[in-house]
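Peer 1: Below is the structure I would like to discuss, written out as structure tokens.
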Amino acid sequence: MIVASRAGHAALALAALAVALMPLWASGYHVQLASTALVAAMFALSLQLLVGAAGMVSLGHAAFFGIGAYAVHLLPAGLSILFTLPASALLAAAAALPVGALSLRTRGFFFLMTTLAFGQMLFFLFHDTPLGGGKDGVFVSRPALEAFGFAFEVPRRSRPTVLLLLNLGVLAAMYAGLAALMGTLFGHALRGIRENEDRMRALGYDTRRVKLAAFVLAGALAGVAGHMSAMTEAFVNPELLGWHRSAEGLLMILLGGLGALHGPILGAAAFVGLGEAATLLTERRRLVEGLVILAVVLVLPRGLAGLRLGLLRRREPAPVAAAAAEP
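Numbering of the sequence shown is given in this note's numbering, commencing with residue 24 and proceeding in unit increments.
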């Protein structure tokens, strides 16, 4: 999986700056929409660790997203975000550990279906029991913005701006952490497992343990995304754990680029923007989304992240033409 170059990181930094400045010129609705896209990017980025780095496609990943969101509801109200955010990650990781340990006994299609089964089990746990407030969901109290004894009171009018900056900061930290991780021995091992697991096993790697560590870490990051979703929306419902949420994450990865770490960020922005545009233009939102995504996948097999690389290659002269042009 490709990590962006220095120029790519500079472009991402400029994009982050533009998002941070949105409250200066955008409406409150569009600031809220940007926060939704940032949360979606966190979720897709957590799934990219499985799909893009390790080659494991999961349809149960949303379960850990939902657990992270419901943790905000289940924990006592008024706790600091410095406590609730790690707690959401730990709860999601604790759920991912047994699910991953059992699912990784299978491969390919059977792994996909096993994760789907576990995800649906957790979905119905919150859907059919009073544990999470029932099928209609429940409003939650946002964690307090407290740090080292200092409490920050946020006026209602400024709340969308503060949430936008919080989501942007969490996404930036998540991306930076994963970019650093992919440069370590663990990251190289994941790429090797994706390319040829049997060869990595022959080299002495405990591939199942490496994949389990990636599965648990991805679950923890999904829990972080779920926590920020609950904090942004102040509402949780069982649909957060549904398989369709995992499918949306996979679509974001395909849109942005399976082979690039920053692909899910581009894909999430495109997916949320596409959904908003389709809602404004037609009542058949899902049909429009499906047609556009299909067109993008066919025209850009490497996703939006591969667009710049493709343009650069087109600008390079063909070897024969270049040789003919020489005197």
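Think of the CB as a built atom: it goes at the ideal place given N, C-alpha and C, for glycine as much as any other residue. As the structure is a computational prediction, the values presented were derived from the model and not from experiment.
Using CA coordinates, which residue listed in R217, L188 and F88 is at the minimum distance from V80?
Peer 2: R217
Peer 1: Let me confirm a value: A341 is counted as buried when at least 16 other C-beta atoms fall within 10 Å, else exposed. Which label applies?
Peer 2: Reliability of the predicted coordinates at A341 is poor, the pLDDT of 43 falling under 50, and the value obtained from them is presented with this limitation in mind. With fewer than 16 Cβ atoms within 10 Å of its Cβ, A341 is classed as exposed.
Peer 1: Could you check what DSSP says for S81 in three-state terms: helix, strand or coil?
Peer 2: coil
Peer 1: What distance in whole Å lies between the Cβ atoms of A257 and R165, which are believed to be in contact at a cut-off of 8 Å?
Peer 2: 6 Å
Peer 1: Going by C-alpha to C-alpha distance, which of A212, L70 and A124 sits closest to L226?
Peer 2: For the options A212, L70 and A124, the alpha carbon positioned closest to that of L226 is the one of A212.
Peer 1: Provide the residue span of the alpha helix (DSSP H) that contains G142, from first to last.
Peer 2: G142 -> alpha helix (DSSP H) spans G131 to H150.
Peer 1: For L188, which option in G31, A33 and A39 has the closest C-alpha, if you only look at C-alpha atoms?
Peer 2: A39
Peer 1: Under DSSP, the alpha helix (DSSP H) around T107 begins and ends at which residues?
Peer 2: I104 to S126 is the extent of the alpha helix (DSSP H) around T107.
Peer 1: Quick one: measure Cβ to Cβ for F209 and A63, integer angstroms, because I've assumed they're closer than 8 Å.
Peer 2: So it is not a contact: roughly 26 Å between Cβ atoms.
Peer 1: Please determine if the region 263 to 276 and the region 94 to 112 are in contact, where contact requires at least 3 C-beta pairs separated by less than 8 Å.
Peer 2: no
Peer 1: Examine the Cβ distances between the region 281 to 294 and the region 101 to 108 and report whether three or more of them are shorter than 8 Å.
Peer 2: no
Peer 1: Just reading off the alpha helix (DSSP H) that S181 is part of, what are its end residues?
Peer 2: Careful: S181 lies outside any alpha helix (DSSP H) and carries neither H nor E.
Peer 1: Output yes or no for whether 7 Å exceeds the beta carbon distance between V122 and F141.
Peer 2: yes
Peer 1: Count the other CB atoms within 10 Å of the CB of M254; is the residue buried (16 or more) or exposed (fewer)?
Peer 2: So M254 ends up on the buried side.
Peer 1: Can we count A36 as close to the ligand MG, meaning its CB is less than 6 Å from some heavy atom?
Peer 2: Ligands are entirely absent from the displayed structure, and the ligand MG is therefore not among its contents.
Peer 1: Since F258 sits in a beta bridge, which residues does DSSP pair it with?
Peer 2: F258 pairs with F162.
Peer 1: Does the Cβ-Cβ distance between F149 and P261 come in under 7 Å?
Peer 2: Yes. Within cutoff.
Peer 1: When DSSP labels each residue in this structure, what does A49 get in the three-state scheme?
Peer 2: coil
Peer 1: For R232, count the other beta carbons within 10 Å of its own beta carbon; 16 or more makes it buried, fewer makes it exposed. Which is it?
Peer 2: exposed
Peer 1: Grab me the residues of A292's own chain with a C-beta within less than 6 Å of its C-beta, minus the 5 sequence neighbours each way, in chain order.
Peer 2: A60
Peer 1: Kindly indicate the opening and closing residues of the alpha helix (DSSP H) around L273.
Peer 2: L273 -> alpha helix (DSSP H) spans W266 to G279.
Peer 1: In three-state DSSP terms, what is A100?
Peer 2: coil
Peer 1: Is L297 closer than 7 Å to V315 when the C-beta atoms are compared?
Peer 2: A contact, by the Cβ cut-off of 7 Å.
Peer 1: Below 8 Å on the Cβ atoms is my contact criterion, and I expect L114 with A241 to pass it. Report the Cβ-Cβ distance as a whole number of Å.
Peer 2: Between A241 and L114 the Cβ distance is about 15 Å, and since that is not below 8 Å, they are no contact.
Peer 1: Over the uninterrupted alpha helix (DSSP H) stretch that includes P324, give me the two end residues.
Peer 2: Counting along the chain, P324 falls outside any alpha helix (DSSP H), and DSSP gives it neither H nor E.
Peer 1: Among G155, A33 and L264, whose alpha-carbon lies nearest the alpha-carbon of M144?
Peer 2: Restricting attention to G155, A33 and L264, the CA atom closest to the CA of M144 is found in L264.
Peer 1: Could you tell me the alpha carbon to alpha carbon distance between L186 and G192, rounded to whole angstroms?
Peer 2: 10 Å
Peer 1: Should A170 be labelled buried (16 or more other beta-carbon atoms within 10 Å of its own) or exposed?
Peer 2: exposed
Peer 1: Would you mind sorting P178 into buried or exposed? The rule is 16 or more other CB atoms within 10 Å of its CB.
Peer 2: exposed
Peer 1: Between S126, R180, A318 and P183, which lies nearest to A236 when the distance is taken from Cα to Cα?
Peer 2: Out of S126, R180, A318 and P183, S126 has the C-alpha closest to the C-alpha of A236.
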